Amino acid sequence: GGPLRVEGVGRDSIQGDVKFAEALAQMGARIEMGPNWMEAQAPAEGLVAVDLDCNHIPDAAMTLATAALFAQGTTTLRNIASWRVKETDRIVAMATELRKLGATVEEGEDFIRITPASLQPAAIDTYDDHRVAMCFSLAAFGTPLRINDPKCVGKTFPDYFERLAEVTKAAPVIAIDGPSASGKGTVAARVAAALKFSYLDSGALYRLTALAAQQAGVDWIDEPGVAAIALALDVEFSETDIRLDGQLVGDAIRTEDISAGASKVAALPAVRDALLFRQRAFNTAPGLVGDGRDMGSVIFPKAVLKVFLTASAEVRAERRYKQLIEKGLSANLPDLLQDLKQRDERDSQRSVAPLRQEPDARLLDTTALTIEQAVNQVLMWVREANW
2 GGPLRVEGVG
12 RDSIQGDVKF
22 AEALAQMGAR
32 IEMGPNWMEA
42 QAPAEGLVAV
52 DLDCNHIPDA
62 AMTLATAALF
72 AQGTTTLRNI
82 ASWRVKETDR
92 IVAMATELRK
102 LGATVEEGED
112 FIRITPASLQ
122 PAAIDTYDDH
132 RVAMCFSLAA
142 FGTPLRINDP
152 KCVGKTFPDY
162 FERLAEVTKA
172 APVIAIDGPS
182 ASGKGTVAAR
192 VAAALKFSYL
202 DSGALYRLTA
212 LAAQQAGVDW
222 IDEPGVAAIA
232 LALDVEFSET
242 DIRLDGQLVG
252 DAIRTEDISA
262 GASKVAALPA
272 VRDALLFRQR
282 AFNTAPGLVG
292 DGRDMGSVIF
302 PKAVLKVFLT
312 ASAEVRAERR
322 YKQLIEKGLS
332 ANLPDLLQDL
342 KQRDERDSQR
352 SVAPLRQEPD
362 ARLLDTTALT
372 IEQAVNQVLM
382 WVREANW
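Residue numbers for the sequence shown follow the numbering used here, so the first one is 2 and each next one is one higher.
Take a look at the structure:
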C-alpha cells in the first residue's frame, strides 16, 4: 500500500521516529524523507524479516512486531526490556495477541521473536494500553479484526482511528436485500462472479455457526462458546458452493437439526454481535456482494449500491416448489405460499432490523424477469454507481 506521508518529522529530526523509518527500510519498505516529512510505501515483493536492536526506539518498535506479521521469515526485536515496565507488560501483551493472529512467538526477558503464519481473525485485547491498540489496528490489513476498548488511545491520540480511516479506502460493497425465495442469493452470487468480487450469503452464517458449534461439541445455548466460534468461522461462499474449514457443507446446513440449531444460536446477543463483525469482515478488496435481509440497512449502510430485490409471493412460492422437487423433496405449493406470506409478515414487523426497502435502494422486481435479466440489471446499476 501507500505511499503514506507523515508531516512534522523529517530527515533532520532527532526523535526516534526517524530511526523507526530506518527500521522499516531494513524490512524492505520504500522510505523517502524531506526536511519536514517522511513517506513510506510497501515493497511490491513484500516485507522481509529483521533481527534488530531496538534500544533506540523501544516504544516505536512495538509497531515492528505487528509489521512482522507481514514479513517473510522470523523477526527478532532485541533490547526491549523496557516494554515490561510500561502501562502493562508489553512483551507479554504483544506475544499473547500476536499468537491470537496465528503467529508463532518466542518471548524472553528483553526480546520477542515472531514467525508469521496465515493470519487468523481475532479480537484483540488492549490492556488499557494505547500503543497496543494502535499497533494491532494495522493487522486489520491482513485479517478480520476487532479491537477491544479502542478508546484507550485517548491517552495520546484520541482521534487515531478516525485518522486511520481517512488514509484507508474501504472496498466497495453491493448490498442485495429481499424476501425469502426472491432470487437474491442466485443474483448476488452471479453478480459477484461477474465482478470477481467476494460473495457473502448472510443467511447461511447462523446455520454455519450452528454446524461449527455442533462439530466442536459446543452446546447451542453456550453463548460465550458459540460467539467465539462465530467470530472465527472459516467460511467461503461461491456461486455454487459453501465451504466451512475447506469442506463442502451446502447440504449439511440445510438439515432440520441444523435449522433448529440456527434458530437457537441466532437468539444469543453475543452471537449476533460476533456475526455482525464477521459479515463486515467479508468486505475485502476488490469488493463484496452480499445478500440478506439487512445488508443495506444494518450491515453495510454505506454500500455503494443497494438493491431491494423482490417478486410476487405466488412466483416466489413456485420457485421454491421447483427447487424442492428438483432435490427430490416433497412439497405442497399452497403450503409454501402460506409460509412465505407469514415469513414476509414476520420479517417486516420484527423489532430488530426489519426487512424493508431503504430510501436509497434500487427496487428490482423479478416477477417477470429471468435470472440473467436480473443480473444484467444489477450490473448496469453497478456501472452507473459513482465509486
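We put the beta carbon where it would ideally sit given N, CA and C, even for glycine. If you're wondering where the values come from, they're calculated on a predicted model, not measured in any experiment.
State the start and end residues of the unbroken alpha helix (DSSP H) segment that holds residue i.
i, result
"Lys20", "18 to 27"
"Leu65", "62 to 68"
"Phe162", "161 to 167"
"Arg147", "First-last for Arg147: 146 to 148, but that is the beta strand (DSSP E), not the alpha helix (DSSP H)."
"Arg281", "270 to 282"
"Ala228", "224 to 232"
"Leu258", "It is Asp, not Leu, that sits at residue 258 in the sequence shown. Element bounds for Asp258: 257 to 267."
"Leu212", "206 to 217"
"Ala96", "91 to 101"
May I ask you to list the residues that DSSP assigns as paired with residue i?
i, result
"Ser199", "Leu289"
"Met39", "Val7, Met34"
"Arg132", "Arg132 pairs with nothing; no bridge assigned."
"Phe238", "Ile243"
"Ile115", "Thr76, Val106"
"Asp54", "Arg79"
"Asp366", "Thr311"
"Gln248", "Leu245"
"Val49", "Gln73"
Do you know how far the Cα of residue j is from the Cα of residue i?
i, j, result
"Glu167", "Leu5", "11 Å"
"Ile243", "Ala261", "19 Å"
"Val266", "Ile222", "7 Å"
"Ala314", "Asp274", "31 Å"
"Tyr161", "Ala61", "16 Å"
"Ala120", "Gly29", "In the sequence as presented, Ala is not what sits at residue 120; that position holds Leu. Cα-Cα distance, rounded: 20 Å."
"Pro225", "Pro44", "41 Å"
"Lys20", "Val379", "51 Å"
"Glu88", "Pro173", "38 Å"
"Val133", "Arg85", "13 Å"
"Gly47", "Val188", "37 Å"
"Met63", "Cys136", "7 Å"
"Glu327", "Ala211", "26 Å"
"Lys185", "Arg384", "19 Å"
"Arg279", "Asp220", "21 Å"
"Glu359", "Glu319", "27 Å"
"Leu365", "Ala22", "52 Å"
"Val236", "Gly329", "27 Å"
"Asn149", "Tyr128", "9 Å"
"Pro159", "Ala141", "19 Å"
"Ile175", "Val308", "8 Å"
"Glu110", "Ala26", "26 Å"
"Lys152", "Pro335", "54 Å"
"Thr256", "Ser138", "39 Å"
"Ala171", "Thr285", "8 Å"
"Ile177", "Ala282", "17 Å"
"Pro117", "Ala94", "17 Å"
"Phe71", "Gln42", "14 Å"
Using the Cβ count rule (16 or more neighbours within 10 Å means buried), how would you classify residue i?
i, result
"Leu249", "exposed"
"Pro270", "exposed"
"Glu98", "buried"
"Met296", "buried"
"Arg191", "buried"
"Arg164", "exposed"
"Glu373", "exposed"
"Arg347", "exposed"
"Ser349", "exposed"
"Arg208", "buried"
"Ala66", "buried"
"Gly291", "buried"
"Ser331", "exposed"
"Ala375", "buried"
"Glu8", "exposed"
"Ile15", "exposed"
"Arg12", "exposed"
I need the boundaries of the beta strand (DSSP E) containing residue i, first residue and last residue.
i, result
"Arg373", "Note on identity: in this sequence residue 373 is Glu, with Arg being the wrong assignment. Glu373 -> not in any beta strand (DSSP E); alpha helix (DSSP H) instead, spanning 372 to 385."
"Val308", "306 to 311"
"Thr77", "76 to 79"
"Val174", "174 to 178"
"Ala124", "123 to 125"
"Leu330", "Taken as a continuous stretch (DSSP letters only), Leu330 belongs to no beta strand (DSSP E), as it is neither H nor E."
Can you give the beta carbon distance from residue i to residue j, rounded, assuming they're within the 8 Å contact cut?
i, j, result
"Ala213", "Pro122", "With a Cβ gap of about 13 Å, Ala213 and Pro122 do not count as contacting."
"Val231", "Leu276", "Here the sequence assigns Ala to residue 231, which means Val is not the residue at that position. Right, their Cβ atoms sit about 5 Å apart."
"Leu341", "Ser203", "Not quite, the Cβ-Cβ distance comes to about 19 Å (not below 8 Å), so this is no contact."
"Ser298", "Arg344", "Not a contact, Cβ separation roughly 18 Å."
"Arg100", "Ala124", "The Cβ separation is near 13 Å, so there is no contact."
"Ile113", "Leu78", "5 Å"
"Ala304", "Thr367", "Not a contact, Cβ separation roughly 19 Å."
Using beta carbons (cut-off 9 Å, strictly below), is residue i in contact with chain B?
i, result
"Ala271", "In the displayed structure, chain B is absent; only one protein chain is listed."
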